[in-house]
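The next block holds one structure in the form of structure tokens; read it before the comments.
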């Protein structure tokens, strides 16, 4: 609105001036609400793991990297004197196979050990490896024989039993194929 138009409104209708002043008041209030919303959104946008309860993974890419903790001065892993944690060895009754490994030559002088020199200087160190057996597929062929009736000469073929799958793969093989297809 130009100044001349504004003066004409003021000189003219009082009602138009009141409506315009009320509208200005509404716009001022709307502007105040929008400025408050912008301030809140900017505050949320500036949140990071440093100034809020957000985890570091939620920091924006532009956030500066977090300072590294000072090291303790100790090497990683188990410390000297620390009791190790390991899987206990199974008793020999539960072991399926024992493989003996002998040194081929002396570490000090390179003497080659013969079969007759295999006498333990100390009890052998034991190391056990658990492994799943290889998976083997079993294939069952179902033969549906056909016989000719001696009474009427009609041929009749045997039906598949109800418990035999109609597909080429059984339910366990189908599940394995589906699992491997999804995971790879």
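Residue numbers (this note's numbering): 8 to 191. All residues carry an ideal CB built from backbone N, CA and C; glycine is no exception. Keep in mind it's a predicted model, so treat the numbers as computed, not measured.
- Taking the C-beta atoms as reference points, residue 119 is found nearer than 7 angstroms to residue 112.
- Here residue 61 is near residue 54, since their CB atoms are less than 7 angstroms apart.
- Note on geometry: alpha-carbon atoms of residue 170 and residue 92 lie some 49 angstroms from one another.
- When rounded, the separation of the alpha-carbon atoms in residue 70 and residue 32 is 41 angstroms.
- Residue state for residue 73 is assigned as coil, using DSSP reduced to three classes.
- For residue 54, there is no enclosing beta strand (DSSP E), since its DSSP letter is neither H nor E.
- Within the DSSP bridge table, the entry for residue 154 names 163 as partners.
- For residue 168 and residue 110, the gap between their C-alpha atoms comes out near 59 angstroms.
- Minimum Cα-Cα distance from residue 135 among the listed residues 163, 29, 94 and 175 corresponds to 94.
- Shown here, residue 30 sits in a helix according to DSSP, grouped into three states.
- The DSSP-derived three-state label of residue 106 is coil.
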